[in-house]
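Residues 1 to 156 (UniProt numbering) are what the sequence shown spells out, left to right. Quick reminder that beta carbons are idealized off the backbone N, C-alpha and C, glycines included.
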Amino acid sequence: MPLYHATLRAYSSGQEVVATVPTTFYPEAVTEIEKFRGTHQPNRSFCLFATDDLDFCYYFALRQRFDPEKINIYEVQMALYHKAPIAIVHTLQRRIEKGESLGRLPDEYWNPTVAWKFWEYFGSAMTIVGEVQKPQIDQTLIFIKYQGESKLASSL
């Protein structure tokens, strides 16, 4: 199964990329997630991300307000990674901001039991297989599908 990584950086095929800085997205959620991490699971606060959905990969980069002309998407391989539902991170951050209970979110993140559509794969390193063409996407359709995932996460 191919994995995809969107970035503003330029990489070469075969290049090994290693996480060198901590993630800055949703810091409170990451802190809480890390409290529940098992000993054999990768560190979520210091990692690189990929997804198995090319359209969602590009959509997510656009939602980060990256200039579409500057986005590069690569097929990557990750030797060691954890696969987790991405909607949980956003929902967890909102609950923390509102002072609400975390519910089952941390456990579902590390040990998913639900049939999620949008996954994040993260680990400390990845190898670039090659650059892929940016897909033509329907952002509204992806948004609607992702909102369904967010609602599902909110129910946990």
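Which residues DSSP lists as bridging residue i, in chain order
i: Tyr-4; result: Thr-51 and Glu-75
i: Glu-120; result: Ala-84
Residue i beta carbon near the ligand FMN (any heavy atom closer than 6 Å)
i: Glu-149; result: By its list of ligands, the structure shown contains no ligand whatsoever, and the ligand FMN lies outside what it can speak to.
Where the beta strand (DSSP E) through residue i begins and ends
i: Glu-131; result: 125-132
i: His-82; result: 82-85
i: Val-17; result: 16-18
CA nearest to the CA of residue i, picked from the options
i: Trp-110; options: Thr-140, Gly-148, Thr-7 and Ile-86; result: Ile-86
i: residue 158; options: Pro-106, Asp-67, Leu-3 and Arg-65; result: No statement about residue 158 is possible, as the shown extent of the chain runs from 1 to 156 and does not include it.
i: Thr-51; options: Glu-28, Pro-2, Gly-38 and Leu-80; result: Pro-2
i: Glu-100; options: Gly-14, Ile-142 and Leu-156; result: Leu-156
i: Thr-39; options: Phe-25, Phe-118, Phe-49 and His-82; result: His-82
Own chain, CB closer than 7 Å to residue i, minus 5 neighbours either side, in chain order
i: Val-18; result: Ser-124 and Ala-125
i: Ser-150; result: Ala-87, His-90 and Thr-91
i: Ala-29; result: Val-89, Leu-92, Gln-93 and Ile-96
i: Ser-12; result: Ile-128
Same chain, Cβ closer than 8 Å to residue i, neighbours up to 5 away in sequence not counted
i: Ile-71; result: Ala-6, Thr-7, Leu-8, Tyr-58, Ala-61, Leu-62 and Lys-134
i: Leu-152; result: Ala-87, Val-114 and Trp-116
Residue span of the alpha helix (DSSP H) that contains residue i, given as start and end
i: Val-21; result: Unbroken run through Val-21: none, as it is neither H nor E.
i: Ile-137; result: Taken as a continuous stretch (DSSP letters only), Ile-137 belongs to no alpha helix (DSSP H), as it is neither H nor E.
i: residue 159; result: With the chain running from 1 to 156 in the structure shown, residue 159 is simply not present.
Beta-carbon proximity list for residue i, same chain, < 6 Å, skipping 5 on both sides
i: Val-21; result: none
Check whether the stretch 91-98 touches the stretch 119-127, counting contact only when three or more Cβ pairs, one atom from each stretch, lie closer than 8 Å.
-> no
Mind the definition here: the stretch 130-147 touches the stretch 55-69 only if three or more C-beta pairs lie below 8 Å; say whether that holds.
-> yes
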